[in-house]
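Numbering (my numbering), first residue to last: 230 to 348.
Take a look at the structure set out below.
See the structure below:
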């Protein structure tokens with residue numbers, strides 16, 4: 230995934246009041262976060278979780294809640310369970326992930342509970 234700060238050249242084109250779901254690694258850095266905040270552009274961290282069988286781990290990934298995973302891990306899990314061809318079609322990938330019980334989550338702050346999460 231692209232680096233979050235790759236967004237910088239495009240900030241001038243984003244309207245105030247817009248929301249950005251960031252699934253990049255590394256994430257949008259603190260300096261760019263401040264620029265977005267000053268323009269009233271809302272930055273949310275995107276993650277995935279398993280709605281059918283929650284992934285509660287004793288060791289949480291950095292910047293993720295204990296029941297959430299990054300998109301790259303979601304891709305690996307879905308491909309391992311289905312097949313590599315599922316990654317060639319985004320619609321098919323999303324449907325396969327949904328059938329395995331995965332859905333999306335957004336968090337407003339890396340230290341806050343995810344929106345829609347039960348944790």
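The beta carbon of each residue, even a glycine, is placed where N, CA and C say it ideally should be.
Note that the structure is predicted; figures quoted are calculated from it, not measured.
Taking a cut-off of 8 Å on C-beta distances, the region 314 to 322 does not touch the region 254 to 262, as fewer than three cross pairs fall below it. For residue 303, the enclosing alpha helix (DSSP H) covers residues 300 to 310. Secondary structure of residue 333 (DSSP, three-state): strand. Between the region 236 to 247 and the region 286 to 306 there are fewer than three inter-stretch CB-CB distances shorter than 8 Å, so the stretches are not counted as touching. Residue 252 places its beta carbon less than 9 Å from that of residue 299. Counting along the chain, residue 237 sits inside no beta strand (DSSP E), nor does DSSP assign it H or E at all.
Around the beta carbon of residue 278, 16 or more other beta carbons sit within 10 angstroms, so the residue counts as buried. Beta-carbon to beta-carbon, residue 290 and residue 310 are separated by about 20 Å, too far to satisfy the 8 Å threshold. By the 16-neighbour rule on beta-carbons within 10 angstroms, residue 267 is exposed. When C-alpha distances from residue 269 are compared across 327, 240, 324, the shortest belongs to 240.
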